[in-house]
Structure formats: structure tokens, C-alpha cells
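Residue numbers (my numbering): 11 to 437. Only one structure is covered here, and it is reproduced in the block below.
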């Protein structure tokens with residue numbers, strides 16, 4: 011199966027290892043359908059150059075590669091820490107709003123409302139859960155005392171997760187607002203919003219898009235990144251407002267017990283498909299290939315099982331942004347995806363679903379799309395062809411997972427590149 015026949019899409023993240031026209035072209039030719047730009051580490055001039063390169067490649071080689079911008083969100087971090095700082099179980103650590111160089115007794119916390127939001131007994135996880143602390147007390151002003159439960163090296167600017175705490179930070183930070191406007195200026199195809207907890211987070215970004223001059227012409231679709239327990243609990247209301255979701259297993263696996271992540275992943279995929287929206291599986295899919303030409307068997311199984319779950323796309327992060335073998339990892343992932351899609355098991359798992367809310371102003375369109383898939387499957391049709399102005403019919407047909415290819419025509423180039431993220435769509 012070549013990359014044009016593969017239905018599950020591959021998202022590759024740009025970084026230092028993939029910042030030239032040659033390396034980006036290699037990614038696309040290897041099978042990347044969507045290029046992700048992570049705004050946690052973005053330089054605007056470099057982003058602008060990379061966007062121009064992607065569009066040049068699309069024009070020169072006839073691709074419809076989509077561009078996904080990923081907002082950083084309210085990522086909590088500690089400040090700089092003295093070299094060699096270490097926490098042993100039982101050690102006390104004080105978090106302060108004062109911008110100090112920290113050590114093994116006291117550190118600066120970037121989250122100003124931390125003392126007001128946190129309560130005694132709640133957990134603090136540092137460095138993706140490598141360090142675990144428990145809150146002893148807070149002065150509700152500028153200081154929190156905590157006891158170390160699981161120790162280890164304490165390093166500068168590591169991320170902090172608060173799985174038990176209701177964080178009062180908005181999903182859209184000042185940096186995110188600036189970055190989102192920059193993405194809209196450059197006409198990104200998708201915007202991913204990090205740490206989505208409620209539908210209101212999506213509505214806030216929709217409002218920003220609607221007020222932007224280019225957002226008034228074309229509403230850039232939003233991917234909700236589900237990486238907190240609140241996002242999992244509120245998934246129904248989030249799905250009503252977003253245009254797709256990303257199961258971001260990195261932070262999610264820190265915020266909830268890691269053994270629950272596989273069940274959460276499968277549940278989120280099933281629910282998202284009922285809403286006829288795309289779902290992306292992300293984080294540590296082929297991480298071994300950052301330094302090796304061969305993935306582990308567990309990674310091969312992870313990619314294959316994500317495809318069997320019904321994911322629209324599987325995503326590569328560090329593997330293509332800073333890894334040694336960016337195009338090779340895409341080729342390897344494409345082979346795994348193609349192999350599982352060719353198996354009889356895949357047809358049993360990927361069956362048509364009836365849309366969850368089909369009593370609305372698009373009821374007739376929804377039923378036509380659903381019927382087209384059933385007729386195409388029974389007739390053994392090679393392709394379903396649709397003309398679209400907004401992309402809506404492509405979303406519906408894709409969600410029903412036909413055996414046929416989905417070929418989409420549109421007079422709007424932005425719609426064509428946007429649709430390239432969807433399962434089975436060739437735009």
C-alpha cells in the first residue's frame with residue numbers, strides 16, 4: 011500500500027532536525043500528511059520560513075500537506091535551580107512566587123496563583139512525574155510547603171503537574187493569544203489548544219478567531235488537546251464545540267494513573283467518532299527512533315493498536331523535531347499503518363457509526379453521507395467523490411469509515427489542505 015492509499019494520517023513535528031526545505035520535503039515524501047509546528051519553542055521568523063517552504067512544496071509537487079499550529083497553553087514550571095540539587099523522600103521543599111535561583115529547599119514557581127489554588131494533601135508532580143511531592147500547607151499568598159514522596163534530581167525549568175488541583179489559569183494565556191493571532195495571519199489550517207478542561211476554553215479561542223480579519227473569512231478549525239482529568243470528564247461538552255481532539259498521552263499519563271491511559275484513549279476515540287470529528291493519538295509513539303533506526307516491538311504495537319482503535323491520525327513529536335532519523339521514522343510508521351489497514355481485522359473494527367446529534371439543520375446532509383457510505387460499501391465502490399465548500403461532507407463521510415477512498419474537490423484551497431488531516435480523505 012503506498013501513501014496515497016493509506017487512510018490513517020501521519021503528523022510530523024518540525025524542529026532543529028527538520029528546518030530546511032530538503033528535510034521537510036523528505037518528511038512529506040516519506041508519508042507525512044500534516045506538519046505540526048510547536049509554539050512552545052517557536053521563533054516567528056523560522057515559523058514563517060517553514061510555512062512558506064511547506065506551501066512551496068505543495069505547489070511544486072502537488073501535495074495538500076496541512077499545517078497544524080500547537081499552542082503552548084498554561085504550562086506550569088519551576089524556575090532555575092542550582093546544579094546538583096536533589097530531593098530525598100521526606101525532604102521539604104518550599105515553592106515561592108519570588109524569582110530566586112532555587113535549590114533543594116526552595117524554588118520559584120511560575121504559577122502566581124499556586125498558593126491560592128492548592129490545598130494541603132494535594133500532589134505536586136515535577137518533571138513528568140519523576141518527582142512526587144505532597145502539599146503540607148499554603149499561606150494562601152506567596153508560599154507553599156511540600157514534602158517529598160518520590161525523590162530524585164531537581165533540575166531547572168522542569169514542568170509541574172497538579173492532578174488534584176483546580177487550576178484557575180485560563181486555557182488561553184497571553185502568549186497563546188499572540189501566537190494564535192500569528193497563526194491566523196499566516197493562515198494555518200488547524201490550531202491545537204492545550205490543556206482544554208471545559209467547552210468555554212474552546213469558545214474563548216473561537217471568539218479570538220472570529221474577531222481576527224482572516225478568521226472572519228475562514229474559521230480555522232480547533233483541535234482540543236485532552237491532557238487533564240477535567241478534559242476527560244467534560245469530553246461531551248468539549249466535543250460539542252471543538253472540531254477534533256488530540257489524546258495527548260504525555261501530560262495525561264502524568265495527571266491520571268498511567269494504567270488508565272489505554273482505556274481513556276479508546277473511550278475518547280469512540281466518543282469523538284460519534285461526533286463525526288477527527289481524533290489524533292500523540293506522544294511517545296516511536297520514541298526509540300529518536301536515536302535508533304528500529305522501533306521497539308511495543309512501539310509497533312502501540313501504533314497498530316491506535317489505528318485499530320479508529321484514530322484519524324497518529325503523531326510524531328521529538329522523533330521528527332530533534333531525532334536523528336526524521337524521514338526514516340515516518341517511513342516506518344507508514345509501513346506499520348499500511349500493514350494493519352490491510353489486515354481483515356481492521357475492517358471489523360472500522361465500521362460506520364450513526365452521528366450522535368442528527369436532529370439539526372444538517373440532518374439531511376448527514377443522512378445522505380451515511381447512506382452514501384453504506385451504498386459504496388455494499389457496491390464495492392473504489393471511491394466516494396464529494397464537492398464541498400466548507401468541508402462538512404468530508405468530515406461526515408470520513409467519520410463513517412467507508413471501505414472506499416474519499417476524494418474531495420473544492421474551489422477553496424484552504425479547505426483542501428485542512429481536510430488532509432481527516433481519515434481516508436484525498437483532497
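We treat Cβ as the ideally placed atom computed from N, Cα and C, and that holds for glycine.
Exposed or buried, residue i, counting other C-beta atoms within 10 Å across all chains shown (16 or more means buried)?
i           : result
residue 369 : Unreliable placement is indicated for residue 369, whose pLDDT of 47 sits below 50; no coordinate value is reported for it.
residue 406 : buried
residue 223 : exposed
residue 96  : exposed
residue 230 : buried
residue 125 : buried
residue 384 : exposed
residue 26  : exposed
residue 121 : buried
residue 50  : exposed
residue 311 : exposed
residue 408 : buried
residue 329 : buried
residue 60  : buried
residue 68  : buried
residue 389 : exposed
residue 38  : buried
residue 195 : exposed
residue 355 : exposed
residue 93  : exposed
residue 79  : buried
residue 181 : buried
Apart from the five residues on each side of it in sequence, which residues of its chain come closer than 6 Å, Cβ to Cβ, to residue i?
i           : result
residue 430 : 43, 74, 76, 437
residue 304 : none
residue 140 : 162
residue 393 : 414, 415, 417
residue 239 : 265, 266
residue 111 : 90
residue 101 : 158
residue 289 : 255, 279, 282, 321, 322
residue 420 : 398, 426
residue 138 : 264
residue 327 : 23
residue 211 : 181
Taking residue i as part of the alpha helix (DSSP H), name the residues at either end of that continuous run.
i           : result
residue 192 : 184-195
residue 33  : 31-40
Kindly give me the distance between the Cβ atoms of residue i and residue j, rounded to whole angstroms, as I take these residues to be in contact under 8 Å.
i           : j           : result
residue 28  : residue 336 : 5 Å
residue 145 : residue 130 : 5 Å
residue 205 : residue 84  : 6 Å
residue 216 : residue 232 : 7 Å
residue 341 : residue 40  : 5 Å
residue 202 : residue 248 : Actually they do not touch by this definition, with Cβ atoms about 13 Å apart.
residue 20  : residue 324 : 6 Å
Following the continuous beta strand (DSSP E) through residue i, name the residue where it begins and the one where it ends.
i           : result
residue 427 : Here residue 427 belongs to no beta strand (DSSP E); instead the alpha helix (DSSP H) covers 423-429.
residue 419 : 415-419
residue 46  : 44-48
residue 22  : 19-23
residue 203 : 200-203
residue 169 : 169-171
residue 289 : 289-292
Leaving aside the five residues before and after residue i along the sequence, list all residues of the same chain whose C-beta is less than 8 Å from its C-beta, in chain order.
i           : result
residue 424 : 197, 199, 228
residue 351 : 11, 16, 17, 18, 317
residue 301 : 333, 334
residue 220 : 226, 229
residue 275 : 257, 259, 291, 316, 319
residue 34  : 24, 28, 45, 60, 63, 64, 67
I'd like the list of long-range same chain contacts for residue i, defined as Cβ closer than 7 Å, with 5 residues on each side in sequence excluded.
i           : result
residue 422 : 399
residue 346 : 310, 313, 314
residue 30  : none
residue 271 : 259, 262, 263
residue 213 : 251
residue 98  : 158, 161
residue 404 : 396, 398, 416, 418, 429, 432, 435
residue 134 : 143, 145, 156, 170, 172
residue 190 : 81, 201, 215, 218
* In chain order, which beta strand (DSSP E) runs of at least 3 residues are fully inside the stretch 61-94? -> Those beta strand (DSSP E) runs which fall completely within the stretch 61-94 and span 3+ residues are 76-80.
* To do: Jot down the residue ranges of each uninterrupted beta strand (DSSP E) in the stretch 373-410, minimum 3 residues, whole runs only, in chain order.
  => Within the stretch 373-410, the complete beta strand (DSSP E) runs of at least 3 residues are 393-397.
* alpha helix (DSSP H) segments (min. 4 residues) lying fully within the stretch 87-166 -> 124-127
* Residue ranges of each alpha helix (DSSP H) run of no fewer than 4 residues wholly in the stretch 222-275, ordered along the chain? -> 223-227, 239-243, 245-251, 259-265
* Segments assigned beta strand (DSSP E), at least 3 residues, entirely inside the stretch 302-364 -> 323-326
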